[in-house]
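Numbering (my numbering), first residue to last: 595 to 927. Where is the CB? At the ideal position from N, CA and C, for every residue including glycine. So the structure is just underneath, and the comments pick up after that.
Here's what the structure looks like:
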């Protein structure tokens, strides 16, 4: 019996990973890093008043796709931020393609990769709306919040690619006790509230992205005080979680994730206070935006490890757990 000649796509898929290989894990990590990086570059756009450096969308100007010399440094910064979208797109496509042979047995990974890929054009469109609305602070705020959601998805992806297909299918007891899971769930809610209120504080402050951009007309001092309330509760909640992971003989990887979370919460709180009392210097505001991204990832990581009922693995890029392969693949080597 003759077999049909392989097509071009079948030749490609034959070379793609059939396990969660090092390539797959590195692409997942690249997805997370790039999602955080674009928050930083987006912050640079706002903090340098370059939000309207490209006054049109999707073109930079009415007659040019790219920035022109006449637009100066603001055009360079804004267009550079737009270019980073293509880097994220390339990583997202590579992530989806690398998981193609696993799309049936690892639907969890494939769906996460698709969600991240879909989030990029959605964010690009939302970014375009911010330009077309002359940097409306509420639109800008939602642009940031969607980035936080994508960071959460990327963090979960980084965790789950460390599992083999067999490990992902097996049910296991959660690493965290019931009380710890409840505490970390509360901390996750407080983190979301804190980030959301931080967005509103930013919308009332001086860093609008352009000198002529509107603000949300809320009192920045009052909003800062309101923003601080869930921060206090978050610090307290994470402190309780930190005590629990040492008292309950928690698995080392979960304990380390909570220690990291506590360090990020304290650092982010300290930067927040400093930037407020130093009247919002650009460098500290940029660091605070980076901190919000790292805090979101750290929180998602700790909560995932605590509540997931699948086997867990560390997040390093070392040798993956060996996964059984079909006999024909082994014989072909």
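By Cβ distance, which residues of its chain are closer than 6 Å to residue i, with the 5 residues on each side in sequence left out?
{"i": "residue 733", "result": "723, 724, 727"}
{"i": "residue 612", "result": "695"}
{"i": "residue 814", "result": "798, 799"}
{"i": "residue 624", "result": "685"}
{"i": "residue 751", "result": "622, 706"}
{"i": "residue 697", "result": "704"}
Check residue i in the structure and name its three-state DSSP category.
{"i": "residue 801", "result": "coil"}
{"i": "residue 808", "result": "coil"}
{"i": "residue 764", "result": "coil"}
{"i": "residue 624", "result": "helix"}
{"i": "residue 833", "result": "helix"}
{"i": "residue 783", "result": "helix"}
{"i": "residue 672", "result": "helix"}
{"i": "residue 636", "result": "helix"}
{"i": "residue 656", "result": "coil"}
{"i": "residue 813", "result": "coil"}
{"i": "residue 692", "result": "helix"}
{"i": "residue 698", "result": "coil"}
{"i": "residue 735", "result": "helix"}
{"i": "residue 603", "result": "helix"}
{"i": "residue 824", "result": "helix"}
{"i": "residue 843", "result": "coil"}
{"i": "residue 646", "result": "coil"}
{"i": "residue 769", "result": "coil"}
{"i": "residue 608", "result": "helix"}
{"i": "residue 614", "result": "coil"}
{"i": "residue 729", "result": "coil"}
Considering just the uninterrupted stretch of the alpha helix (DSSP H) at residue i, what are its terminal residues?
{"i": "residue 721", "result": "701-726"}
{"i": "residue 931", "result": "Look at the range of the chain in this structure, 595 to 927, and you will see that residue 931 is not part of it."}
{"i": "residue 665", "result": "Premise fails: residue 665 is in no alpha helix (DSSP H) and is neither H nor E."}
{"i": "residue 863", "result": "846-871"}
{"i": "residue 901", "result": "876-901"}
Would you decide whether residue i is buried or exposed? Buried here means 16 or more other CB atoms lie within 10 Å of its CB.
{"i": "residue 840", "result": "exposed"}
{"i": "residue 806", "result": "exposed"}
{"i": "residue 758", "result": "buried"}
{"i": "residue 660", "result": "exposed"}
{"i": "residue 662", "result": "exposed"}
{"i": "residue 622", "result": "buried"}
{"i": "residue 664", "result": "exposed"}
{"i": "residue 606", "result": "exposed"}
{"i": "residue 672", "result": "buried"}
{"i": "residue 837", "result": "exposed"}
{"i": "residue 892", "result": "buried"}
{"i": "residue 872", "result": "exposed"}
{"i": "residue 971", "result": "The requested residue 971 is not part of the displayed model; the chain covers only 595 to 927."}
{"i": "residue 731", "result": "buried"}
{"i": "residue 666", "result": "exposed"}
{"i": "residue 604", "result": "exposed"}
{"i": "residue 716", "result": "exposed"}
{"i": "residue 608", "result": "exposed"}
{"i": "residue 680", "result": "exposed"}
{"i": "residue 729", "result": "buried"}
{"i": "residue 816", "result": "exposed"}
Between which residues of its own chain and residue i is the CB-CB distance below 7 Å, once the five residues before and five after are set aside?
{"i": "residue 784", "result": "824, 827, 828, 831"}
{"i": "residue 610", "result": "691, 692, 694, 695"}
{"i": "residue 818", "result": "795, 870"}
{"i": "residue 855", "result": "832, 892, 893, 896"}
Can the beta-carbon of residue i be found less than 9 Å from the beta-carbon of residue j?
{"i": "residue 880", "j": "residue 637", "result": "yes"}
{"i": "residue 775", "j": "residue 861", "result": "no"}
{"i": "residue 647", "j": "residue 634", "result": "no"}
{"i": "residue 743", "j": "residue 720", "result": "no"}
{"i": "residue 858", "j": "residue 888", "result": "yes"}
{"i": "residue 745", "j": "residue 630", "result": "yes"}
{"i": "residue 709", "j": "residue 747", "result": "yes"}
{"i": "residue 770", "j": "residue 844", "result": "yes"}
{"i": "residue 641", "j": "residue 821", "result": "no"}
Does the distance between the C-beta of residue i and the nearest non-hydrogen atom of the ligand GDP fall short of 8 Å?
{"i": "residue 667", "result": "As far as ligands go, the structure on display features none, and thus does not contain the ligand GDP."}
Closer than 8 Å by C-beta to residue i: which residues in its own chain qualify, once you throw out the five before and the five after it? Chain order, please.
{"i": "residue 782", "result": "893, 894, 897"}
{"i": "residue 787", "result": "824"}
{"i": "residue 649", "result": "655, 725"}
{"i": "residue 849", "result": "839, 840"}
Does chain C have any CB closer than 9 Å to the CB of residue i?
{"i": "residue 872", "result": "Protein chain content of the structure displayed is limited to a single chain, and chain C is not contained in it."}
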